[in-house]
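In numbering that gives the first Met the number 0, the protein residues as written are 0 to 461.
Here a beta-carbon is modelled for each residue, glycine too, at the ideal position from N, C-alpha and C.
Data block below; observations after.
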Amino acid sequence: MIKNICCIGAGYVGGPTMTVMAYKCPEIKITVVDLNKKRIEAWNSSNPKNIPVFEPGLADIVMKTRGKNLFFSTDVETAIDQAEMIFMSVNTPTKEYGKGKGMAADLKYIELCARQIAAISKSDKIVVEKSTLPVRTAEAIRSILDNTGNGVKFQILSNPEFLAEGTAINDLLNPDRVLIGGLQTPEGKAAIEELTAIYAHWIPRERILHTNVWSSELSKLTANAFLAQRISSINSLSALCEKTEADVTEISKAIGSDSRIGSKFLTASVGFGGSCFQKDVLNLVYICKSFGLEEVAEYWDQVIKMNDYQKQRFADNIITTLYNTVSGKKIAFLGWAFKKDTNDTRETPAMYVADILTKDLANISVYDPKVSETQVFTDMAHVNGRTDEENKKQISVYNDPYEACKNAHAIAILTEWDMFKTLDWKKIHDNMLKPAFMFDGRNILDKKQMENLGFKFKSIGK
Ligand code: NAD
Ligand code: UGA
Numbered sequence: 000m001i002k003n004i005c006c007i008g009a010g011y012v013g014g015p016t017m018t019v020m021a022y023k024c025p026e027i028k029i030t031v032v033d034l035n036k037k038r039i040e041a042w043n044s045s046n047p048k049n050i051p052v053f054e055p056g057l058a059d060i061v062m063k064t065r066g067k068n069l070f071f072s073t074d075v076e077t078a079i080d081q082a083e084m085i086f087m088s089v090n091t092p093t094k095e096y097g098k099g100k101g102m103a104a105d106l107k108y109i110e111l112c113a114r115q116i117a118a119i120s121k122s123d124k125i126v127v128e129k130s131t132l133p134v135r136t137a138e139a140i141r142s143i144l145d146n147t148g149n150g151v152k153f154q155i156l157s158n159p160e161f162l163a164e165g166t167a168i169n170d171l172l173n174p175d176r177v178l179i180g181g182l183q184t185p186e187g188k189a190a191i192e193e194l195t196a197i198y199a200h201w202i203p204r205e206r207i208l209h210t211n212v213w214s215s216e217l218s219k220l221t222a223n224a225f226l227a228q229r230i231s232s233i234n235s236l237s238a239l240c241e242k243t244e245a246d247v248t249e250i251s252k253a254i255g256s257d258s259r260i261g262s263k264f265l266t267a268s269v270g271f272g273g274s275c276f277q278k279d280v281l282n283l284v285y286i287c288k289s290f291g292l293e294e295v296a297e298y299w300d301q302v303i304k305m306n307d308y309q310k311q312r313f314a315d316n317i318i319t320t321l322y323n324t325v326s327g328k329k330i331a332f333l334g335w336a337f338k339k340d341t342n343d344t345r346e347t348p349a350m351y352v353a354d355i356l357t358k359d360l361a362n363i364s365v366y367d368p369k370v371s372e373t374q375v376f377t378d379m380a381h382v383n384g385r386t387d388e389e390n391k392k393q394i395s396v397y398n399d400p401y402e403a404c405k406n407a408h409a410i411a412i413l414t415e416w417d418m419f420k421t422l423d424w425k426k427i428h429d430n431m432l433k434p435a436f437m438f439d440g441r442n443i444l445d446k447k448q449m450e451n452l453g454f455k456f457k458s459i460g461k
C-alpha cells in the first residue's frame, strides 16, 4: 500500500490532480513540488483567491486538505527521497529550438525530472508519467533510471490526464476513464495494481483501464487529436455556412443527434486554444513524420491549419466589415482566456486576433474576469515580440466590461464567459460609436436580440 506520494510539477495538472487525490485518500501523504518558488508560495497562500490555478471548486478542496495530507513545497529532493510513488507532471511544451523546432514536444523538463529521481532515490519507486508524452518516452526514462548504478528498482507507468480546464474538479472526481499503462511483467502488473488501488478510492474499477505503456502514451495524443479534429471539422463548415445562409449551430445540433457522431465538441468558434491541442497534434504530426508516415502526418496537420485559418478568418472579417480599415479604431475584446472558467491564456485565440488587428493599427481594449493586465502583455510580447511599453500604445486592459466597450467601434467576444450573456447590452450599445458592430466569436449571444438593440451583429458560421 502506497503511503507517500510526490508529484513533480505544481501546474494546472499537478495541482488539481493531487488535490483531489489527497481529498479522496486521506491516509496517503502527498507532496507537490515545483522549482517555481512563487507558484508554491501561491499554493500555500492562506487566501483562497491567491491559489495560482483558477478552477471552480479547487480552492475549497485545497483549503480542506492542505496541511493535513497535502503539502506544497520547493524541497524537491526530500519529497522524492521519501516517496514510494512519484508523478511526473511537468510541462512538455512544443520545442522552440533545434531538431523538431515548432513541432516536437520539448522533453528537457521530463528528462531533468528523471535524472533528479535517479540521483536522489535510495529505495525502490514507482514512477508515473502524468505529463503528456510522445509514444515510447517511457523507454528513455527507463534508460535514465536503470543506469544510475545504485541498485534501486523503478517501475514506470503511463497514466495520462484527461481533465479539461474549467471543469477540472468535476473531471477528476468523475472521469469517463482512468488509463494506466505498464509493463506486462509480474512487477509491472503489481505497480499497475498499486496505482489502480489509489484511484479505486473514488472511481469504479471498471472505469480504470489497463494497457501496455505505449498504448497508454499514444492514447493521450490520440484523444486530443480527435477532440481538436472535431472542432476543426465544424469550424471548416462554419466558413461554408457563412457563404450559404446555413446556420452552423443548427448543423451541430442536427449531426450531433446522430448517436454515432455525438453532440460534444461541435461548437464552432474563433478556434481552439489552450496549452495542449496544438502542442499535442503537432507532436503527433512530428512522430508520424519521423516514422516516414507522410500521409498520416499531413492528415493531422490539416487540423492545425484549419485552426489557424479560423483565427485569421475571424480577424479578417472584423477588418472587412469595418469598411476595410481598423486603423485608429477601438475594438473591445470581451474575454482573453482560452475558454471560460479558467485564468489560463496559453495559445488563446484572443492574442492571435489581437496581433492581426494591432498590425492593422487597431486599438484594443480588453476585459476578462480572471486574466490580469500583466498576463495580457506577457501574451502579446510572446506573440509579437514587442515590449509592454510598445504594446501599451495600442492595447489597454480594463477591470470593467462597460469601460472596455465605451466609445468602441466594435466588440469582439473571444471567450464564452457566462457573465457576458447577462451584461446590460443596451447600456453598452448606447455608449458605443455608431454603427456599433459586434463579432461573436463564441456564438453565445442571440442575433435577433442584439440586432433589435441596434448592433450590426456577426457570429461564427451564421
Ligand atoms: P504547467 O506549466 O502549468 O506546470 C508544470 C510545472 O512543472 C511548472 O510549474 C514548472 O515550474 C514545473 N517544473 C518543470 N520542471 C520541473 C522540475 N524539474 N522540478 C520541479 N518542477 C518542475 O503545465 P500543465 O498545464 O500542468 O501541464 C503539465 C503536463 O500535463 C503537460 O505535459 C501537459 O501536456 C499535460 N496535460 C495538461 C492538461 C491541462 O489542462 N493543462 C491536461 C492534461 C494533460
Ligand atoms: C483539452 C481536452 O478536452 C482534455 O481532455 C485534455 O486533458 C486537455 O486538453 C489537455 O490535454 O490539456 P482543455 O484544452 O483544457 O482540455 O479544454 P477544452 O474544453 O478541450 O477546450 C480547448 C479549446 O477548444 C478551447 O479554446 C475551447 O474554447 C475550444 N472548443 C472546445 C471549441 O472551440 N469548440 C468546442 O466544441 C469545444
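Checklist entry - Which class does residue 214 belong to by DSSP, given the choice of helix, strand or coil? => result helix
Checklist entry - Hey, residue 54 and residue 168 are a contact pair by Cβ (cut 8 Å); roughly how many whole angstroms apart? => result 6 Å
Checklist entry - Do the CB positions of residue 4 and residue 39 come within less than 8 Å of each other? => result no
Next on the checklist: Please classify residue 60 as buried or exposed, where buried requires at least 16 other C-beta atoms within 10 Å of its C-beta.
Outcome noted: buried
Checklist entry - Is residue 75 near ligand 1, going by C-beta to nearest heavy atom under 7 Å? => result yes
Checklist entry - Can you tell me the Cα-Cα spacing of residue 356 and residue 33, whole angstroms? => result When rounded, the distance between both Cα atoms is 37 Å.
Checklist entry - Within 10 angstroms of its Cβ, does residue 338 collect 16 or more other Cβ (buried), or is it exposed? => result Counting the other Cβ atoms within 10 Å of the Cβ of residue 338 gives 16 or more, which makes it buried.
Next on the checklist: With a threshold of 8 Å, are at least 3 pairs of Cβ atoms found where one atom belongs to the region 190 to 206 and the other to the region 224 to 231?
Outcome noted: no
Checklist entry - Would residue 403 pass as a contact of residue 364 if the rule is Cβ separation under 8 Å? => result Taking 8 Å as the Cβ cut-off, residue 403 and residue 364 qualify as a contacting pair.
Next on the checklist: Can you list, in chain order, the residues of its chain with a C-beta nearer than 8 Å to that of residue 428? Leave out the 5 residues immediately preceding and following it.
Outcome noted: The beta carbon of residue 428 is closer than 8 Å to those of 435, 452, 453 and 454 in its chain, skipping five residues each way along the sequence.
Next on the checklist: Nearest by alpha-carbon distance to residue 146: which of 171, 116 and 159 is it?
Outcome noted: 116
Item to check | Unbroken beta strand (DSSP E) run spanning residue 456, endpoints | outcome: Taken as a continuous stretch (DSSP letters only), the beta strand (DSSP E) holding residue 456 covers 455 to 458.
Checklist entry - Looking only at C-alpha atoms, which of 290, 361 and 303 sits nearest to residue 331? => result 361
Checklist entry - What residue from 384, 340 and 327 has the CA that sits closest to residue 350's CA? => result Per the Cα distances, 384.
Next on the checklist: Suppose the cutoff is 6 Å on Cβ atoms and the five residues either side in sequence are ignored; what does the same chain contact list for residue 415 look like?
Outcome noted: 339, 441 and 443
Checklist entry - So the beta strand (DSSP E) residue 331 belongs to, where does it begin and stop? => result 329 to 333
Next on the checklist: Can you determine whether any heavy atom of ligand 2 sits closer than 7 Å to the C-beta of residue 160, and answer yes or no?
Outcome noted: yes
Checklist entry - Should the region 123 to 135 be called in touch with the region 94 to 112, which here means at least 3 C-beta pairs below 8 Å? => result Between the region 123 to 135 and the region 94 to 112, the count of C-beta pairs closer than 8 Å reaches three or more; the two stretches touch.
Next on the checklist: Please report the straight-line C-alpha distance between residue 180 and residue 134, rounded to a whole angstrom.
Outcome noted: 12 Å
Item to check | Backbone secondary structure at residue 194 - three-state DSSP | outcome: helix
Next on the checklist: Pull the bridge partners of residue 30 from the DSSP assignment, please.
Outcome noted: 5 and 70
Checklist entry - How big is the Cα-Cα spacing for residue 155 and residue 141? => result 7 Å
Item to check | Cβ-based neighbour list, residue 418, same chain, cut-off 7 Å, excluding 5 preceding and 5 following | outcome: Closer than 7 Å at the Cβ level, and outside the excluded window around residue 418, lie 368.
Checklist entry - Exposed or buried, what is residue 70 when buried is set at 16 or more other beta-carbons lying within 10 Å of its beta-carbon? => result buried
Checklist entry - Comparing the CB of residue 93 with every heavy atom of ligand 2, is any distance shorter than 7 Å? => result no
Checklist entry - What is the C-beta distance between residue 79 and residue 125, in whole angstroms, given that I count them as a contact (C-beta under 8 Å)? => result Actually they do not touch by this definition, with Cβ atoms about 12 Å apart.
Item to check | Any non-hydrogen atom of ligand 2 closer than 7 Å to residue 273 Cβ | outcome: yes
Checklist entry - Pick from 111, 81, 310 and 297: whose alpha carbon is nearest that of residue 475? => result This structure leaves residue 475 out entirely; the chain is present only between 0 and 461.
Checklist entry - What residues are listed by DSSP as bridge partners for residue 48? => result Partner(s): none; residue 48 has no beta bridge.
Checklist entry - With DSSP run on the structure shown, which of helix, strand or coil describes residue 173? => result coil
Checklist entry - In chain order, which continuous runs of the alpha helix (DSSP H) of length 4 or greater are located wholly inside the region 56 to 104? => result Taken in chain order, the complete alpha helix (DSSP H) segments of 4 or more residues contained in the region 56 to 104 are 57 to 64 and 75 to 81.
Next on the checklist: Just to confirm, is the Cβ distance from residue 75 to residue 11 under 8 Å?
Outcome noted: no
Checklist entry - With a Cβ-Cβ cutoff of 8 Å, do residue 387 and residue 412 count as a contact? => result Contact: no.
Item to check | ligand 1 heavy atom lying under 7 Å from the CB of residue 12 | outcome: yes
Next on the checklist: Is it buried or exposed, residue 327, if we count other Cβ atoms within 10 angstroms and call 16 or more buried?
Outcome noted: By the beta-carbon neighbour count (other beta carbons within 10 angstroms, threshold 16), residue 327 is exposed.
Next on the checklist: Using DSSP's beta-bridge definition, name the partner residues of residue 362.
Outcome noted: 329
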